[in-house]
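Taking it in order: structure first as structure tokens, then the write-up.
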Amino acid sequence: MKSGVIDEIRKAGGEVYGVTSEPQRLADCAQAEWELGFECVGDPHQEIPETARNRGWLDIFVQTRLDFLRQSAPGFEPTHPKGYFQPGVLVLSREGRVLYRWRSVPSHKNVGGATVRPTPEHVWSSVQAVLASDIDGADAAHDDQPEMDSPSVPWPLFVSLLIANGWFLRPMAFAQRENGPTSLQRIMIAGVRLGLFATMWIAAFATLPTLPVAAVLVGWVGWIIPKVRWLNLEFQNIRKA
Numbered sequence: 000m001k002s003g004v005i006d007e008i009r010k011a012g013g014e015v016y017g018v019t020s021e022p023q024r025l026a027d028c029a030q031a032e033w034e035l036g037f038e039c040v041g042d043p044h045q046e047i048p049e050t051a052r053n054r055g056w057l058d059i060f061v062q063t064r065l066d067f068l069r070q071s072a073p074g075f076e077p078t079h080p081k082g083y084f085q086p087g088v089l090v091l092s093r094e095g096r097v098l099y100r101w102r103s104v105p106s107h108k109n110v111g112g113a114t115v116r117p118t119p120e121h122v123w124s125s126v127q128a129v130l131a132s133d134i135d136g137a138d139a140a141h142d143d144q145p146e147m148d149s150p151s152v153p154w155p156l157f158v159s160l161l162i163a164n165g166w167f168l169r170p171m172a173f174a175q176r177e178n179g180p181t182s183l184q185r186i187m188i189a190g191v192r193l194g195l196f197a198t199m200w201i202a203a204f205a206t207l208p209t210l211p212v213a214a215v216l217v218g219w220v221g222w223i224i225p226k227v228r229w230l231n232l233e234f235q236n237i238r239k240a
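Quick note on numbering: numbering that gives the first Met the number 0 labels position 184 of the sequence shown as 183, and the sequence is numbered without any gaps.
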């Protein structure tokens, strides 16, 4: 979080924590490698989200289907026994008053919760507005229309990139791997593959007999459709908006 919001929060007497469904050792690695500037807490048994839910503060979604990740990363075994929880933001006063709350609702627009978050500036300004309001002690309502940090990714484009990442044989996640390209680099490589794939088909239809080329294309579509349907079932999709 490079916006300076953390410094403003600390000057106001607050603190920022990140909570992840990964174990503490991975939370520590993320904190160091990503240079987050705040403490990350590993909570694989999801005790913190459960407490927030029981107290009526915030009820985040949990993804328990992990077969797509297993398939995409050989040797991967889940380190979160109860699944991984979707993003959320919860701001509390020292007295337990909710000053801000937001939860990601998985949908095709945010690719199952993988993208689109409120900006730090929006969250902090919302907190300041609540503190300055005349409504003493009232909890803040859920923020359903925050200012987001990035535009949504069209679901068909996202699925196409996953297929390109799997060399057009099956969708494959952009899982981080040791001693290899980063997830962002793999997304860029998949984009190049996708462009070359489309160019290849255009060239084939332009230079080769149409019927055999069309037959091959139909065969590939028949091969890939069941895998895309399976992918749709694997991705958490509370809203199909």
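Glycine included, C-beta positions come from ideal geometry on N, C-alpha and C.
What you are looking at is a predicted structure, and each value in this text was computed from that prediction instead of being measured.
| query | result |
| --- | --- |
| Beta-carbon proximity check, R116 vs S124, cutoff 9 angstroms | no |
| Per DSSP, the bridge partner or partners of L89 | R100 |
| Backbone CA spacing between V18 and G41 [nearest angstrom] | 6 angstroms |
| Within the region 145-216, ranges of the alpha helix (DSSP H) (whole runs, at least 4 residues) | 154-164, 182-206 |
| Classification of I224 by the beta-carbon crowding that lies within 10 angstroms, buried from 16 upward | exposed |
| Assigned exposure category for N53 - 16 Cβ within 10 Å defines buried | exposed |
| Own chain, CB closer than 7 angstroms to H79, minus 5 neighbours either side, in chain order | S20, E21, P43 |
| Sub-9 angstroms separation of F234 and R64 beta-carbons | yes |
| Classification of W219 by the beta-carbon crowding that lies within 10 angstroms, buried from 16 upward | exposed |
| S46 versus Y16 - alpha carbon distance | According to the sequence shown, residue 46 is Glu rather than Ser. In a straight line, the C-alpha of E46 is about 15 angstroms away from that of Y16. |
| V18: first and last residue of the uninterrupted beta strand (DSSP E) it sits in | 16-19 |
| Buried/exposed call for A131, threshold 16 Cβ in 10 Å | exposed |
| Bridge partner(s) assigned by DSSP for G41 | T19 |
| Which residues DSSP lists as bridging V61, in chain order | F84 |
| Per DSSP, the bridge partner or partners of P119 | Looking at the DSSP assignment, P119 forms no beta bridge with any residue, so it has no partner. |
| Three-state secondary structure (DSSP) of E94 | coil |
| Alpha-carbon spacing of E38 relative to Q30, whole angstroms | 7 angstroms |
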